[in-house]
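Trainee: Line order of the protein sequences matches chains A and B. If you count the first sequence from 1, position 76 lands on 244 in our numbering, and the numbers rise without skipping. If you count the second sequence from 1, position 1 lands on 169 in our numbering, and the numbers rise without skipping.
Number of protein chains: 2
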Amino acid sequence: MENIELKILLSKKMGFCFGVKKSVELAKKAIETSNGKVYMLGPIINNPQVLEYFLKKGVRVVDSLHKIPEKSTVITRAHGISPSVLNQILKKRLSIIDTTCPYVKKVQEIAVYLNKNGYCLVIFGDKIHPEIVSVLDVIDNNAIVIDSFSEIEKISKRKKIGFISQTTKNIYNFQKLSSSLLDKTEELRIFNTICKATTERQKSVLKLAIQVDIMLVIGGSKSANTFRLAEICKNQGVKTYHIETKDQMKYEWFHPEAKVGIASGASTPDWVINEVITRLKEWYA
Amino acid sequence: MENIELKILLSKKMGFCFGVKKSVELAKKAIETSNGKVYMLGPIINNPQVLEYFLKKGVRVVDSLHKIPEKSTVITRAHGISPSVLNQILKKRLSIIDTTCPYVKKVQEIAVYLNKNGYCLVIFGDKIHPEIVSVLDVIDNNAIVIDSFSEIEKISKRKKIGFISQTTKNIYNFQKLSSSLLDKTEELRIFNTICKATTERQKSVLKLAIQVDIMLVIGGSKSANTFRLAEICKNQGVKTYHIETKDQMKYEWFHPEAKVGIASGASTPDWVINEVITRLKEWYA
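#1: Got a sec: which bits of the segment 336-352 of chain A sit with their beta carbon under 7 Å from any beta carbon on chain B, in order along the chain?
#2: Could you tell me whether the segment 351-369 of chain A touches the segment 415-426 of chain A, using the rule of 3 or more Cβ pairs below 8 Å?
#3: Hey, which unbroken runs of the alpha helix (DSSP H) at 4 residues or more fall wholly within the segment 326-385 of chain B?
#4: Identify, in the order they occur along the chain, each residue of the same chain with its Cβ nearer than 7 Å to the Cβ of Ile249 (chain A), setting aside the five sequence neighbours on each side.
#5: For a contact meaning CB atoms closer than 7 Å, what does Phe359 (chain B) contact in chain A?
#6: What span of residues does the beta strand (DSSP E) with Leu174 (chain B) cover, start to end?
#7: To the nearest whole angstrom, what separates the beta carbons of Gly388 (chain B) and Glu420 (chain B), a pair I think is in contact under 8 Å?
#8: In angstroms, rounded to a whole number, what distance separates the CA positions of Glu443 (chain A) and Phe395 (chain A)?
#9: Near Ile430 (chain A), which residues of its chain fall below 6 Å by C-beta distance, leaving aside the five closest residues on each side in sequence?
#10: Is Val428 (chain A) near Ile382 (chain A), with beta carbons less than 8 Å apart?
#11: Under the assumption that Lys328 (chain A) contacts Thr367 (chain A) (Cβ atoms under 8 Å), give the Cβ distance between them as a whole number of angstroms.
#12: Find the nearest neighbour of Ser391 (chain A) within the set A:His247, A:Cys401, A:Glu200, A:Tyr221, judged by alpha-carbon distance.
#13: Please work out which residues of its chain come closer than 6 Å, Cβ to Cβ, to Glu299 (chain B), disregarding the five sequence neighbours upstream and downstream, and give them in chain order.
#14: Residues bridged to Tyr207 (chain A) by DSSP?
#15: What three-state label does DSSP hand Ile498 (chain A) in the structure shown?
#16: Specify, as a first and last residue, the run of the alpha helix (DSSP H) that Val303 (chain B) falls within.
#17: What are the start and end residues of the alpha helix (DSSP H) that includes Tyr409 (chain A)?
#18: Can the beta-carbon of Ser435 (chain B) be found closer than 8 Å to that of Val188 (chain B)?
#19: When we look at the beta-carbon of Val290 (chain B) and count the other beta-carbons within 10 Å, is it buried (16 or more) or exposed?
#20: Could you name the residues of the same chain whose beta carbon sits closer than 7 Å to that of Ile378 (chain A), not counting the 5 residues immediately before and after it, in chain order?
#21: Which residues mark the beginning and the end of the alpha helix (DSSP H) in which Cys401 (chain B) is found?
#22: Take Phe186 (chain B) and list the residues in its own chain whose beta-carbon comes closer than 7 Å to its own, dropping the five residues that flank it on each side.
#23: At the level of alpha carbons, what is the spacing between Ala195 (chain B) and Lys449 (chain B)?
#24: Is DSSP giving Ile320 (chain A) helix, strand or coil here?
#25: If I'm right that Ser240 (chain B) touches Gly204 (chain B) with Cβ under 8 Å, what's the distance once you round it to whole angstroms?
#26: Cα-Cα, which of A:Ile176, A:Glu173, A:Lys180, A:Lys175 is closest to Lys375 (chain A)?
#27: On the CB-based measure, 16 or more other CB atoms within 10 Å of its CB, does Arg369 (chain A) come out buried or exposed?
#28: Sort B:Val380, B:Tyr287, B:Thr446, B:Asp315 by Cα distance to Lys325 (chain B) and report the nearest one.
#29: Let me check one thing: in DSSP terms, what residues is Leu289 (chain A) bridge-paired to?
#30: Taking the beta carbon of His410 (chain B) as the centre, do at least 16 other beta carbons fall within 10 Å, making it buried, or is it exposed?
#31: Measure the Cβ-Cβ separation of Ile314 (chain A) and Phe292 (chain A) and say whether it is below 8 Å.
#32: Classify Asn215 (chain B) as buried or exposed, calling it buried when 16 or more other Cβ atoms lie within 10 Å of its own Cβ.
#33: Compare the Cα-Cα distances from Val206 (chain A) to each of A:Tyr281, A:Leu219, A:Lys190, A:Ile236 and report the closest residue.
#34: Applying the 10 Å Cβ sphere with the 16-neighbour rule, what's the burial state of Ser316 (chain A)?
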């Protein structure tokens with residue numbers, strides 16, 4: 169008889185992206201070298217397991233600067249920091265560890281450049297995502313944020329439009345939106361600000377999804393880039409589960425002959441991925 | 169009994185476009201006011217019937233400057249003129265009537281601007297079309313001319329790409345190509361140089377094609393914009409005939425219950441259109 173067993177296929181791009189790795193390292197170093205209390209102004213990245221790690225190390229996560237005593241150390245988010253918040257931090261004489269992802273910093277710079285040069289700025293992003301909040305703050309909210317095709321219809325014709333994206337958006341949708349925006353202007357200047365890691369993961373997950381029966385996409389429930397990976401799999405018609413940890417897996421999702429694809433967001437740590445794989449192997453050894 | 173008869177529906181945008189109207193008027197005026205012989209360096213527009221009109225007025229159409237005696241008047245094409253040809257005309261002390269369409273002039277200016285500012289210039293166009301030949305001459309051939317999706321694949325990744333189009337290309341294809349080009353660069357700067365008349369005609373013909381059984385697209389066999397209109401109709405699956413004049417129409421194409429749509433290129437004169445409509449009415453009065 170043929171040896172029938174569950175097959176696990178991994179996406180080619182897994183683990184922390186460059187920006188997340190850098191942010192986590194900066195935060196770790198700050199904790200090691202700081203004498204006093206270390207505060208985090210909002211979760212450094214959208215992964216609860218990583219956040220838990222920092223909580224165990226004694227870091228306090230707060231949602232407002234008021235909760236941080238003067239002269240403490242404050243770690244700001246990988247998603248960027250608003251100039252107004254930065255000003256308040258400086259006024260309070262806090263020691264700042266700015267972990268803003270360099271790619272998010274670039275989005276802010278391009279937004280400022282397009283604004284200064286008379287482009288009507290359109291951003292593909294989630295209005296309430298911290299990255300977009302920080303970008304909007306840099307340009308005094310002088311932009312149109314869109315998240316769907318129907319929103320393009322509402323944009324009036326402009327002489328010149330600048331178009332950028334949240335770093336973690338779907339590259340295929342960004343391309344389609346770009347082509348639709350051409351209807352609204354004589355000049356369309358597009359900066360592809362979707363970060364390379366995002367694009368690579370999306371392309372890699374698309375390839376994987378068409379080869380498997382079930383997709384497990386591992387990452388924070390609030391992680392925009394993980395959500396997008398799951399969305400791409402679902403659009404391919406494959407049964408897809410977005411989970412944070414092994415504990416959310418259900419035995420009945422699988423069957424012995426299944427091909428299971430595994431992908432993870434840019435802020436999912438290796439240990440969380442490994443635990444999921446181990447559990448699958450335990451169930452179908 | 170119901171009165172069954174052939175129905176004729178006209179596209180909302182017919183007759184000469186702004187640029188063609190201007191070129192033809194300039195040429196007519198030159199003939200009226202000139203004392204000596206008037207020469208045309210290539211067909212002023214791609215419509216044989218209009219050209220015939222000028223031949224009857226005594227204009228000589230030549231394919232080379234060598235065939236024009238010194239001090240004559242030369243009418244250049246609506247599709248634009250190369251700086252090198254212009255230099256030769258000036259050297260020969262010819263009196264020039266430059267009928268270049270203002271929208272083509274704008275394409276040349278934008279091409280120069282993008283070139284000077286370090287963009288890898290990509291042009292959606294036909295390499296041998298006189299408009300593209302004139303644009304390429306302005307920028308010393310420093311551009312990649314593409315006419316299909318497969319050609320994008322061959323373009324290597326660039327820091328910044330400028331993208332423009334021949335004024336008479338298909339707007340839907342230009343949009344799709346723009347979105348594909350985003351894969352090749354961090355910054356894509358698109359100038360929609362497809363002229364308004366082209367876009368309006370294409371959108372109008374698309375609406376018409378889905379309502380009729382047969383499409384007659386009237387215009388010169390070498391007219392790029394007419395060819396595109398016929399192409400759009402064919403892509404909608406409607407039986408489409410690209411004709412120059414009433415004499416190319418065949419009785420057997422039609423039947424009494426047919427709905428016939430009529431569209432025309434930007435260089436098709438009204439009298440040619442009217443003759444086609446008259447013939448149809450004669451057949452199915």
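Ideal Cβ positions, reconstructed from N, Cα and C, are used throughout, including at glycine.
Mentor: Quick answer:
#1: Gln343, Lys344, Ser346, Ser347, Leu350
#2: no
#3: 339-349, 364-377
#4: Asp266, Thr268, Ser302
#5: Glu354, Glu355
#6: From DSSP, Leu174 (chain B) is part of no beta strand (DSSP E); its letter is neither H nor E.
#7: Not a contact, Cβ separation roughly 24 Å.
#8: 20 Å
#9: Leu178, Leu384
#10: yes
#11: Rounded, the Cβ-Cβ distance is 26 Å, inconsistent with contact.
#12: A:His247
#13: His247, Gly248, Val272, Gln334
#14: A:Arg228, A:Val242
#15: A query on residue 498 (chain A) cannot be resolved here, the shown segment of chain A reaching from 169 to 453 and no further.
#16: 298-306
#17: No alpha helix (DSSP H) contains Tyr409 (chain A), which is instead part of the beta strand (DSSP E) from 407-411.
#18: yes
#19: buried
#20: Gln404
#21: 392-403
#22: Ala365
#23: 34 Å
#24: helix
#25: 6 Å
#26: A:Lys180
#27: buried
#28: B:Tyr287
#29: A:Gly330
#30: buried
#31: yes
#32: buried
#33: A:Ile236
#34: exposed
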